[in-house]
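Novice:
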Amino acid sequence: MRQTHRKLIGTVVMIVFVCVYALVAMALAQGRITEASKPVQTIAYIVLGLIWVLPLLPLIKWMERKDGS
Numbered sequence: 629m630r631q632t633h634r635k636l637i638g639t640v641v642m643i644v645f646v647c648v649y650a651l652v653a654m655a656l657a658q659g660r661i662t663e664a665s666k667p668v669q670t671i672a673y674i675v676l677g678l679i680w681v682l683p684l685l686p687l688i689k690w691m692e693r694k695d696g697s
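Each residue of the sequence shown is one higher than the one before, counting from 629 in the numbering used here.
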């Protein structure tokens with residue numbers, strides 16, 4: 629598969645993933661985190677705001693592979 633096709637597929641998958649992840653993160657934040665103390669809320673929001681990157685790292689590496697690999 630050519631790199632341009634991988635980038636197109638990867639971009640669509642990333643957009644869908646981030647939209648779904650945002651909904652899940654908002655549901656978690658509304659339900660459980662609001663009852664916690666302020667320091668726990670701060671840490672939870674930081675983690676929820678950054679953790680979406682981890683599942684996408686393999687996809688990004690796959691998208692950036694050179695043709696023929």
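Note that beta-carbon positions come from the ideal geometry of N, C-alpha and C, so glycine has one too.
Being a predicted model, the structure only gives us computed values, none of them experimental.
For the 8 Å Cβ check, are there 3 or more pairs between the stretch 635-642 and the stretch 669-678?
Specialist: Contact between the stretch 635-642 and the stretch 669-678 is absent, because fewer than three Cβ pairs lie under 8 Å.
Novice: Just mark Ala650 as buried or exposed, buried being the case when its beta carbon has 16 or more other beta carbons within 10 Å.
Specialist: Label assigned to Ala650: exposed.
Novice: From the DSSP output, in three-state form, read off Ala650 for me.
Specialist: Three-state result, Ala650: helix.
Novice: Alpha carbon to alpha carbon, how far is Ser665 from Thr632?
Specialist: Looking at the two C-alpha atoms, the distance is approximately 47 Å.
Novice: Which same chain residues, not among the five before or five after Ala672, have their C-beta less than 6 Å away from its C-beta?
Specialist: Result list for Ala672: Ile661, in chain order.
Novice: Determine the contact status of Leu687 and Val641, defining contact as a CB-CB distance below 8 Å.
Specialist: For Leu687 and Val641, yes; Cβs fall inside 8 Å.
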